[in-house]
Structure formats: structure tokens, C-alpha cells
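J.: Before I ask anything, here is the structure I am working with.
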Amino acid sequence: MRINDLYIRFRRNLGTILLLLPVLFILIGYVLYPSIRVLLQSFSRSGEHSLANYREFFDLEQRSNLEALGNSLFIALGSVILSALVGVPLAFIFTRYKFPGRDLFSSLAILPLVLPPLVGVISFMFLYGESGIIPRGLQTIFHLDKAPFAIDGVPAIFLVHTYTMYVFFYIFVSGALRNIDVSVIEAAYNLGASQWMVLRKIILPLLTPALVAASLLVFMTSMASFSAPFMFAPSYRILSLQVYFSKVNNDMDMAATQAMLLSTISIAFLLFMRWYSGRRQYVMISKGVSAYETEIKGRFSRYLMGALGTFIVLMLLLPHLTVILISFVKDGSWTWQVLPPEYTYKNYLNLFKNPRVLKPILNSLKMASLATAGNFVFGILAAYLLAKRRFFGKNFVDILVMIPWALPGTVIAMNLIFAFNKGSIFTGNQVLTSTFWILPLAYFIRNMPLVFRSTYAALQQLDDSLEEAARNLGASRFYAFRKVIMPLVLPGVLAGTLLAFVTALGEFVSSILLYIPSNKPISVEIYSQLDRLSHFGTASAYSVLLIALISGVLIFANKVLKIGTTRVFY
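The numbering of the sequence shown is this note's numbering, which starts it at 49 and goes up by one.
Below, the structure written as C-alpha cells:
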């Protein structure tokens with residue numbers, strides 16, 4: 049009787065087991081196992097297990113690693129503050145007030161998201177660097193002996209981070225402001241509350257989840273930042289660069305230690321922010337939310353807001369326009385001049401006519417497609433398993449799926465190097481390090497949470513009775529999923545999938561640590577062209593093509609699939 053009961057339970061849970069096995073295999077093999085290998089390596093020194101690496105890291109006499117740790121935290125926290133100072137006011141302006149051109153300005157405010165990290169850094173170098181167009185232009189116009197300013201070092205890192213990351217605050221806060229019921233605010237005013245009290249007691253508490261989520265994204269992105277420090281301040285010690293330099297110098301034990309500490313800080317901040325946001329819950333319970341906005345009626349005020357919006361748009365467009373301009377520059381012709389003296393369209397012809405030049409583009413498309421296909425399948429399986437099935441260890445699986453989101457690209461790259469430099473059951477006993485497949489695997493792991501989270505959110509909004517009704521009418525689980533559930537959650541699935549694809553296309557951090565000549569991606573090729581003598585035109589042509597590919601995906605999502613750009617980037 050007992051055996052029959054066990055058999056019945058097994059048959060009842062067979063579907064869950066069949067879903068759980070491949071999900072666990074992927075999470076254990078490509079997330080948990082590599083992290084454990086790096087952890088063990090961090091306690092190894094010259095083949096022996098010891099705490100020597102950690103003693104060296106925290107050695108007060110050799111302050112390089114401690115300095116890198118402090119600098120990383122400084123950059124991350126500073127980026128959060130500066131991004132909030134830009135993104136939150138913009139969200140209030142474009143959501144709270146109505147004025148001519150507001151819809152256009154609010155749409156263009158997410159333009160920095162189209163720029164891949166490396167391309168954004170390059171555009172700021174061309175614009176504001178030591179030999180940039182604006183400093184040299186001001187020097188020429190005012191007949192100065194030297195350029196009046198040039199961004200470099202830590203200020204350059206903060207400027208690039210603020211430009212590229214304020215969008216997180218803008219999107220999150222804008223969404224939260226649209227959901228605030230104006231009747232709540234009016235009731236507070238009727239009870240005698242001042243504007244300051246309404247802001248402090250009503251609006252800011254309701255914005256807390258959005259502010260926490262944006263702060264978390266900016267902090268973790270800044271901790272993982274590589275492109276801006278690498279290009280603007282290579283001598284400024286931060287942990288992500290320290291990991292890279294240790295790897296280049298073949299000090300793999302210290303690289304593992306630095307990677308572990310970097311990932312520990314990111315995960316700790318993630319847990320802290322989740323705890324902070326969970327202390328209190330603020331919920332709107334009113335029905336029929338009206339728009340929280342005020343129309344600007346004064347002519348002067350309307351012109352002022354319009355002028356402010358135009359200025360913001362011009363500042364947002366400058367990096368894109370600069371990269372487009374430089375993409376027509378003849379390689380080697382632009383040295384000391386304010387603007388490039390020679391232009392040519394041959395940079396673009398070479399991209400498509402020269403097989404050697406075209407190869408990095410094809411490599412990126414191929415590897416991003418492979419990784420995204422894996423993200424699509426895994427994201428649906430894992431999301432359905434966690435959203436619709438019950439099993440022991442569910443919270444543990446949920447944490448494992450989200451770990452790659454908290455790990456910087458340098459850490460993921462080091463995890464793969466240590467885990468797959470020899471054969472294992474997870475690679476069919478094949479060595480993956482220094483092969484073509486290591487980069488698609490890195491992209492897959494890096495973007496794993498994106499498809500999962502968007503699909504999971506869509507599944508949570510579905511009532512279980514829909515699937516149960518289909519089952520009661522005789523449909524199998526697979527048929528009910530394919531014909532009922534999948535069409536309803538497809539927009540959420542595609543939003544995460546498209547985000548995973550565009551992120552993989554422009555991935556630079558893990559690419560530069562893992563690529564080999566045969567699979568060099570477009571991001572590494574852009575850096576290689578910049579490293580050559582004045583090959584600005586070719587590097588920018590690659591950058592424009594990368595921007596065009598990402599923009600094409602977003603336009604396709606918006607116009608054809610009817611997925612809003614904001615949703616794709618969530």
C-alpha cells in the first residue's frame with residue numbers, strides 16, 4: 049500500500065520532476081559549480097590551500113587591493129546619487145507637468161539605453177576628452193593657449209555613468225508616478241498638508257520600491273563597470289579592473305580572490321536593498337487612477353519648459369550624432385584638428401565587402417543568437433516551474449536563477465575560466481576555455497535572469513483557473529501550456545528575450561576576458577580599432593552598426609510585436 053502511494057505521488061509529480069531536472073542541471077552546472085570552483089581557487093596559493101590570498105588582499109601595507117575595494121564602493125555609491133539627481137527630477141518634469149513637446153522629450157529620454165557601454169564611452173572621448181571636439185572647439189573660438197577643460201579620470205567615469213544609468217531612475221520613477229492616484233494627494237491638501245509634507249509623507253513612500261529597484265540596478269552596474277574605468281582611468285584602482293589585470297598577469301589565485309570579494313559585495317547589496325524595501329509596504333487601494341499631472345499655462349513657463357526639454361534632448365543626442373559623424377572619418381586623418389578634415393563612406397563599404405572586417409559582426413550575431421535561444425527556452429521552463437509548480441527547495445532554485453544578475457561580467461568570466469579549463473560532466477568532458485563556445489555560454493549565463501524574470505512576472509498575473517479549465521476539457525498539460533498560457537505571456541517572454549539579445553550584442557566586459565581570435569565579437573573589435581593608430585572611422589562605423597542593430601530590435605519590438613520600449617528595458 050505504501051509503495052502504491054509513493055508511485056501515485058511520483059506519477060502526479062512526474063511533470064514537475066521532468067521540468068526540474070534540466071533546470072537544476074543548468075543552474076548547478078553553469079552557475080553554482082563555477083562559483084564554487086572560484087571560491088576554492090581563492091583559498092589556493094601555489095597549489096596549496098591557505099588564506100594567503102585574503103591576507104594579501106587585506107594587507108594594510110600593500111594597499112592596492114583595499115584601495116580598489118574602497119574606490120569601487122565610492123564609484124558605485126556616487127553613481128547612484130548622481131543618477132538619482134538627474135533621473136528623478138526628469139521623471140517628475142516629464143510625468144507631472146504637461147507642456148508642448150513633452151511626449152517627444154519623454155520618449156527621447158531613454159536614448160542612452162540604445163548606446164552599448166563601450167560605444168557610450170567612445171562617444172564621450174570624442175566629445176569631451178583631452179582631444180575632444182568641444183574642448184578643442186572652445187579653445188579655437190576663444191583663442192586659448194590650451195583647452196579649457198577635458199574629462200578624464202574619476203570625473204569622466206561619473207559623467208559616463210550618470211548619462212548611461214540615470215535612465216533606470218527615470219523609467220522606474222515615471223512608472224510609479226503614473227500609478228499615483230491624484231485623489232489621495234488632493235485629500236491630503238484638503239486636510240491641511242503642505243506641499244513638502246505631501247512629498248515626504250505620500251509621494252516618496254509610494255516611490256520607495258521604484259527608488260530601491262533603480263538604486264540596486266545602478267549600484268550593481270557601477271560595481272561591474274569596466275569600459276569607462278578601462279578607457280578613462282586605467283590607473284585608478286577598482287575591483288573589476290584589478291581582476292582583469294591579475295588575469296592578464298597570470299596571477300589567477302589573486303584574480304579568483306578579487307572576483308569572490310567583488311561578487312560578495314554585489315550580492316550583499318542586493319540582499320540589503322531587498323530587506324530595506326520589504327520593511328514596509330505602501331499600496332494604492334483606490335479604483336480608477338487618474339493622471340497625476342499639472343498643465344503649465346503661463347506662456348513664459350511653457351517656453352521655459354520647452355527650452356529645457358530641447359536642451360536635454362540635444363545633450364542626449366550629442367553622443368549618438370558624434371559617433372555617426374566620426375564613422376565617416378578617414379582612418380589616420382584626424383589628429384589635432386577640431387573637426388575631422390577628411391570624410392569617406394568606405395568605412396561602411398569595408399564592413400560588408402571585406403570578409404575580415406565583417407567577421408566580428410557575424411560572430412556577435414551568431415553568439416548573441418545562440419545565447420538568447422538558450423535564454424528563451426530556459427527562461428520559460430524555469431519561470432513556469434517556479435510560478436506554477438510546488439516542490440521542495442523552490443526558494444533555493446529562485447536564488448540560483450537570480451545570482452547571475454548580481455555577478456559582474458568580470459566575475460562570470462573568471463568563473464567560466466576556472467570551471468571549464470578542463471573537462472567535466474557539464475561540458476561532455478570537453479574543455480571550453482579558449483574555444484568558440486565559451487562566449488555564448490557567458491552571454492547565456494549573464495542574461496539568464498532577464499527572460500526568467502519577465503516571463504515569471506507575466507505568469508504570476510495569470511489565474512490558475514485558465515489552465516485548469518483547459519485540463520478539465522481534456523487538454524494535456526503541454527497542449528494547455530501551448531494554446532492557453534503561452535499566447536498570454538508571450539509579450540513578457542519576448543520583452544526579456546529582446547533585452548537579452550541586445551545586451552549580448554554589446555557585451556564587452558566578459559568578452560575581452562574570454563574571446564579568442566576566431567570568435568572576436570564586435571565590441572572587442574571596436575576596442576582593437578581604437579587601440580590602433582587613429583582608426584577612429586572604422587571603430588565608429590562598427591559602433592554605428594551596433595547601435596543600428598539594437599535600435600532595429602527595439603523598433604521591431606515596438607511596431608511589430610507591440611511591446612513598448614520601456615517594457616523591453618525592464
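By construction, the Cβ of each residue, glycine as well, lies at the ideal position given by its N, Cα and C atoms. This one's a predicted model, so the numbers in the text were calculated from it and none came from an experiment.
Is the number of C-beta pairs between the segment 582–593 and the segment 370–389 that are closer than 8 Å three or more?
T.: yes
J.: For S482, which of helix, strand or coil comes out of DSSP?
T.: coil
J.: Name the DSSP bridge partner or partners of Y391?
T.: V377
J.: What are the partner residues of E96, as DSSP defines its beta bridges?
T.: Bridge partners of E96 according to DSSP: R93.
J.: Which class does Y563 belong to by DSSP, given the choice of helix, strand or coil?
T.: When secondary structure is reduced to three states using DSSP, Y563 falls in the coil class, being assigned neither helix nor strand.
J.: List the whole-angstrom C-beta distance separating A276 from V208, where the pair is believed to meet the contact cut-off of C-beta under 8 Å.
T.: Between A276 and V208 a beta carbon distance of about 4 Å is seen, short of the 8 Å cut, so the two are scored as contacting.
J.: Using a Cβ-Cβ cutoff of less than 7 Å, which residues in the same chain neighbour T545 once the five nearest sequence positions on both sides are dropped?
T.: Excluding residues up to 5 positions away in sequence, T420, N423, F424 and V499 lie with their Cβ nearer than 7 Å to the Cβ of T545 in the same chain.
J.: Under 6 Å Cβ to Cβ from L75, same chain only, skipping five residues before and after it: list those, please.
T.: L448
J.: Quick check: L265 and A224, are their CB atoms within less than 9 Å of each other?
T.: For L265 and A224, no; Cβs fall outside 9 Å.
J.: Within 10 Å of its beta-carbon, does Q110 have 16 or more other beta-carbons around it, so buried, or fewer, so exposed?
T.: exposed
J.: Of the choices L410, I84, S231 and V537, whose alpha-carbon is the least far from that of N463?
T.: I84
J.: What residue ranges within the segment 91–143 form continuous beta strand (DSSP E) runs of no fewer than 3 residues, ordered along the chain?
T.: Fully enclosed beta strand (DSSP E) runs of 3 or longer: not present.
J.: Answer with buried or exposed for M353, where buried requires no fewer than 16 other C-beta atoms within 10 angstroms of its C-beta.
T.: Burial check for M353: the Cβ neighbour count within 10 Å reaches 16 or more, so the residue is buried.
J.: I believe N119 touches I286 by the beta-carbon criterion, under 8 Å. Please report the beta-carbon distance rounded to the nearest angstrom.
T.: 5 Å
J.: When we look at the beta-carbon of W244 and count the other beta-carbons within 10 Å, is it buried (16 or more) or exposed?
T.: exposed
J.: Thinking C-alpha only, which one of F274, M279 and R501 is nearest F174?
T.: M279
J.: So I451 and F468 are supposed to be a Cβ contact under 8 Å. How far apart are they, rounded?
T.: I451 to F468, Cβ: 17 Å. No contact.
J.: Identify whether E515 lies in helix, strand or coil by the three-state DSSP scheme.
T.: helix
J.: From G476 to L289, what does the alpha carbon distance come to, in whole angstroms?
T.: 32 Å
J.: Restricting to runs no shorter than 4 residues, where is the alpha helix (DSSP H) found entirely within the segment 272–296?
T.: 275–280 and 287–296
J.: Excluding the 5 residues flanking R437 on each side, which residues of the same chain have their C-beta closer than 6 Å to its C-beta?
T.: T64
J.: To the nearest angstrom, how far is the alpha carbon of P183 from that of A198?
T.: Between the alpha carbons of P183 and A198 lies a distance of about 6 Å.
J.: Tell me which same chain residues have a C-beta within less than 6 Å of the C-beta of L318, skipping the five on either side of it?
T.: A454
J.: Considering A552, what are the terminal residues of the alpha helix (DSSP H) in which it resides?
T.: DSSP places A552 in the uninterrupted alpha helix (DSSP H) bounded by M534 to L553.
J.: Which residues mark the beginning and the end of the alpha helix (DSSP H) in which S154 is found?
T.: R150 to L156
J.: Let's see if you can read the secondary structure: which residues bound the alpha helix (DSSP H) around V232?
T.: Counting along the chain, the alpha helix (DSSP H) containing V232 begins and ends at V230 to N238.
J.: Any contact of the segment 594–605 with the segment 386–394, i.e. 3+ C-beta pairs under 8 Å?
T.: no
J.: Work out the CA separation of F274 and A204 for me, nearest whole Å.
T.: 13 Å
J.: Rounded to the nearest angstrom, what separates P456 and I560 at their Cα positions?
T.: 13 Å
J.: Between which two residues does the alpha helix (DSSP H) holding R525 run?
T.: R525 to A528
J.: Restricting to runs no shorter than 3 residues, where is the beta strand (DSSP E) found entirely within the segment 160–189?
T.: None, since the segment 160–189 contains no complete beta strand (DSSP E) of that length.
J.: Per DSSP, what kind of secondary structure is T256 in: helix, strand or coil?
T.: helix
J.: Pick out whichever of N411, F359, T210 and L239 has its Cα sitting closest to the Cα of N567.
T.: N411
J.: In whole angstroms, what separates the C-alpha of A124 from that of A261?
T.: Just so you know, the alpha carbons of A124 and A261 end up roughly 15 Å apart.
J.: Distance, Cα to Cα, I465 vs Q478?
T.: Rounded to the nearest angstrom, the two C-alpha atoms are 13 Å apart.
J.: Measuring straight from C-alpha to C-alpha, what distance separates L67 and Y211?
T.: 42 Å
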